[in-house]
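Trainee: To get the numbering used here, take the position in the sequence shown, counting from 1, and add 215.
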Amino acid sequence: MRNAPETFGRKSDADRYLTLVEAQMARREWVDPDRAKVTLGDYARLWIDQRPNLRPRTVHLYGWLLDIHIVPYLGGVELGRLDTPMVRDWRAKLLGNGVAETMAAKAYRLLRAVLMTAVKEDEILTRNPCEIPGADQEKPAERPVLTLAQVFKLAGIVPSRYRALVLVTTFGCLRWGEVAALQRQDFDTAAGTIRVRQAYTEQRGVGLVLSPPKSRASQRRVSLPPAVVEVVCEHLPAEVDDRPDAFVFTTESGRPIWRGNLNKLIDWKAAVARIGQPHLHFHDLRHTGNTLAVRTGASTRDLMARMGHDSSQAALIYQHATAEADRAIAQALHEAVRADRKKAKKVSRQWQAQGQGRQREKERGEG
């Protein structure tokens, strides 16, 4: 038994209110006004805390999205007051403040997931106000893809200690955390393979954390081209301890390589500028490797296994027409058009000759 949120001067008004509430409850549209007073900021933080299976990096990302892109705008709003126009206005402000569409989409998906729990599990809301078509879709800018010549040129420019790092990351299609976590025991130089069984992640307030890869599919064995295996065979005795658990790619002091110290170790900006790709990020090496793998004609299933994906969606993204492939298609179409036009001209000349012949016969008959 609970009291109404307001008092009524007449019994008939109270009866009408009760009838309305009962009808809403029958349609599962009634919202407990007291529970709906919780603010979005408090509810969202509790939502994250109650998900212990989230990976540290995911927890860090969600917390960052809340702190930077959600709470400053909507954090103090009570859940019961949130509506679609308010969400639409929030997204418009994000984009208006220069937030990239990709990041705005991440924030929107997080907000939608939080509010879906409020609808489906906690029954604080009757509907999810995140109903903006296309707001959840990321449209990342096309990343650069290196040619084979550029990959090996880059490997030759960086300090010799990191030459194998460039090649293994590219041709192994590895994520940053995966290649940084490789140990000597993960390399089978005789078979020309590497085993991906762990990865580094960056955790807020802790630093680098070594843990299993992001998904079951990420634990995999990847074959390397012989040319890359040769470089690895030179790297291991020169730069890596004999211990099986020795990390293969480290700083000279033996510390892990991570995003924060790469530029100092390699002078990355200068190196990529020398190969004509000044905007290349280290993660683009994996993107390059994935694209090169697609160009071999590999099946979607094989690409999924190599990239470490448990969904075909990511693999299919790489099966798009690259500029090189598109030019080849255009050239093939050009040759087909030339051949067709050549044939058409020949037929046209034949038709023209036949027409002239019939005209001469007609003229002789009339004469």
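Using N, Cα and C, we set each Cβ at its ideal position, and we do this for glycine too.
(1) Which residues mark the beginning and the end of the alpha helix (DSSP H) in which A364 is found?
(2) Could you tell me the boundaries of the alpha helix (DSSP H) in which L280 lies?
(3) Of the residues G504, R521, A513, T511, which one's Cα is nearest the Cα of L361?
(4) What residues are listed by DSSP as bridge partners for Y258?
(5) Kindly indicate which three-state DSSP category D403 falls into: helix, strand or coil?
(6) Flag this pair as yes or no: are the beta carbons of Y415 and A395 separated by less than 8 Å?
(7) Go to I409, then tell me how far its beta strand (DSSP E) extends in each direction, as first and last residue.
(8) Here's a check: name, in chain order, each residue in its chain whose Cβ is nearer than 7 Å to the Cβ of G291, leaving out the five neighbours to either side.
(9) What does P471 pair with, by DSSP beta-bridge criteria?
(10) Which residues in the same chain have their Cβ closer than 7 Å to the Cβ of T332, if we skip the five residues on either side of it in sequence?
(11) Rounded to whole angstroms, what's the CA-CA distance from G371 to A328? Just pull it up for me.
(12) Counting pairs of Cβ atoms below 8 Å between the stretch 377-387 and the stretch 438-458, do you hit three or more?
(13) Going by C-alpha distance, which of P344, L326, L310 is nearest G295?
(14) Excluding five sequence neighbours on each side, which residues of the same chain lie with their C-beta closer than 7 Å to the C-beta of L280?
(15) So, for H450: in the same chain, excluding its five sequence neighbours on each side, which residues have a beta-carbon less than 6 Å away from its beta-carbon?
(16) Take Y288 and list the residues in its own chain whose beta-carbon comes closer than 7 Å to its own, dropping the five residues that flank it on each side.
(17) Cα-Cα, which of L480, P348, D401, S433 is closest to F497?
(18) In terms of residue numbering, what span does the beta strand (DSSP E) encompassing E417 cover?
(19) Going by C-alpha distance, which of P471, A259, A485, R501 is nearest D337?
(20) Can C448 and T404 be called in contact, C-beta distance under 8 Å?
(21) Under the DSSP definition of a beta bridge, which residues are partnered with V314?
(22) Have a look at E346 and L330 and give me their C-alpha separation to the nearest angstrom.
(23) Could you tell me which residues DSSP puts in a beta bridge with R435?
(24) Using 8 Å as the threshold, is the C-beta distance between Q398 and V446 below it?
(25) May I have the straight-line CA-CA distance separating G311 from R436, to the nearest angstrom?
(26) Report yes if the CB atom of Q418 is closer than 8 Å to the CB atom of R272, and no otherwise.
Mentor: Once the coordinates are examined:
(1) Residue 364 sits at position 149 when you count from the first residue of the sequence shown. Run containing A364: 363-372, per the alpha helix (DSSP H) assignment.
(2) For the purposes of this step, residue 280 is taken as residue 65 along the sequence shown, with counting starting at 1. Residues 271-280.
(3) Residue numbering aside, residue 361 sits at position 146 when the sequence shown is read from its first letter. Here the closest residue by C-alpha is G504.
(4) Indexing the sequence shown from 1 puts residue 258 at position 43. Paired residues: none, contrary to the question.
(5) The sequence position of residue 403 within the sequence shown is 188, counting from 1. Three-state DSSP puts D403 in a strand.
(6) Locating residue 415 in the sequence shown gives position 200, counting from the first residue. Locating residue 395 in the sequence shown gives position 180, counting from the first residue. Yes. Within cutoff.
(7) Taking the first residue of the sequence shown as 1, we reach residue 409 at position 194. I409 -> beta strand (DSSP E) spans 408-411.
(8) Numbered from its first residue, the sequence shown carries residue 291 at position 76. Contacts found: T254, G256.
(9) By one-based count along the sequence shown, residue 471 stands at place 256. Looking at the DSSP assignment, P471 forms a beta bridge with T465.
(10) Within the sequence shown, numbered from 1, the residue matching residue 332 stands at position 117. Excluding positions up to five away in sequence, the list reads W262.
(11) As a working note, residue 371 is residue 156 in the sequence shown. As a working note, residue 328 is residue 113 in the sequence shown. Computed Cα separation, rounded: 46 Å.
(12) yes
(13) By 1-based counting over the sequence shown, the position of residue 295 is 80. Out of P344, L326, L310, P344 has the C-alpha closest to the C-alpha of G295.
(14) Within the sequence shown, numbered from 1, the residue matching residue 280 stands at position 65. Only K321, A322, L325 meet the Cβ criterion.
(15) Residue 450 sits at position 235 when you count from the first residue of the sequence shown. Once the five neighbours on either side are set aside, the close Cβ partners of H450 are A379.
(16) Taking the sequence shown and counting its residues from 1, one reaches residue 288 at position 73. Taken in chain order, the residues that qualify are W305, K308.
(17) Taking the sequence shown and counting its residues from 1, one reaches residue 497 at position 282. The residue with the shortest Cα to Cα distance from F497 is L480.
(18) As a working mapping, residue 417 is identified with position 202 in the sequence shown. From DSSP, the beta strand (DSSP E) with E417 extends over 414-418.
(19) As a working note, residue 337 is residue 122 in the sequence shown. Closest by alpha carbon: A259.
(20) Along the sequence shown, one-based indexing puts residue 448 at 233. Along the sequence shown, one-based indexing puts residue 404 at 189. It is a contact, given that the beta carbons lie within the stated cut-off.
(21) Taking the first residue of the sequence shown as 1, we reach residue 314 at position 99. Paired residues: none, contrary to the question.
(22) Locating residue 346 in the sequence shown gives position 131, counting from the first residue. Locating residue 330 in the sequence shown gives position 115, counting from the first residue. Approximately 11 Å between the Cα atoms of the pair.
(23) Mapped onto the sequence shown, residue 435 falls at position 220. DSSP output for R435 lists V411 as bridge partner(s).
(24) By one-based count along the sequence shown, residue 398 stands at place 183. By one-based count along the sequence shown, residue 446 stands at place 231. Cβ atoms of Q398 and V446: not closer than 8 Å.
(25) For the purposes of this step, residue 311 is identified with residue 96 of the sequence shown, where counting begins at 1. For the purposes of this step, residue 436 is identified with residue 221 of the sequence shown, where counting begins at 1. Rounded to whole angstroms, G311 to R436 spans 45 Å at the Cα level.
(26) Along the sequence shown, read from residue 1 onward, the residue named residue 418 stands at position 203. Along the sequence shown, read from residue 1 onward, the residue named residue 272 stands at position 57. The answer is yes: Cβ separation under 8 Å.
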